[in-house]
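In terms of numbering that gives the first Met the number 0, the sequence shown has 72 at position 73, counting the first letter as 1, and numbering is strictly consecutive.
Where is the CB? At the ideal position from N, CA and C, for every residue including glycine.
To start, the structure under review is shown below, and the notes come after it.
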Amino acid sequence: MFKTRVTAFIALLLIGSMAAVGEAKAQDQNTAPWRVDVAQVEWDRLTNTGDLLVSSSNGLSCFDGQTGQQLWTRKEFAEVPSAGV
0 MFKTRVTAFI ALLLIGSMAA VGEAKAQDQN TAPWRVDVAQ VEWDRLTNTG DLLVSSSNGL
60 SCFDGQTGQQ LWTRKEFAEV PSAGV
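Here it is, written out as structure tokens:
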């Protein structure tokens, strides 16, 4: 009987720790890996390659989805409408 209780206790500990790890991973996935300050944002789109396109009053910019590094900006496309993008 003692062995059964110990086994049940260990199983509960494992289940509890697995649930805590799952919750921590879910919180990590909902946290932005990076932030960037841009002017008034009109719209943004995530590309198939994981980069982020942002249309703002300063132009159309592309950011690396993993690092947040700005890849390019085209000022002539400032405030371009989102239709057709």
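- Excluding five sequence positions before and after W71, the CB atoms of its chain that fall closer than 8 Å to its own CB belong to S60 and C61, given in chain order.
- In the DSSP secondary-structure assignment, S54 is bridged to W42 and L59.
- With respect to the 9 Å criterion, S54 and W42 are classified as neighbours on the basis of their beta carbons.
- Going by DSSP, T72 is part of the beta strand (DSSP E) stretching over Q69 to R73.
- In chain order, G49, D50 and L51 place their CB closer than 6 Å to the CB of G64, counting only its own chain and leaving out the 5 sequence neighbours on each side.
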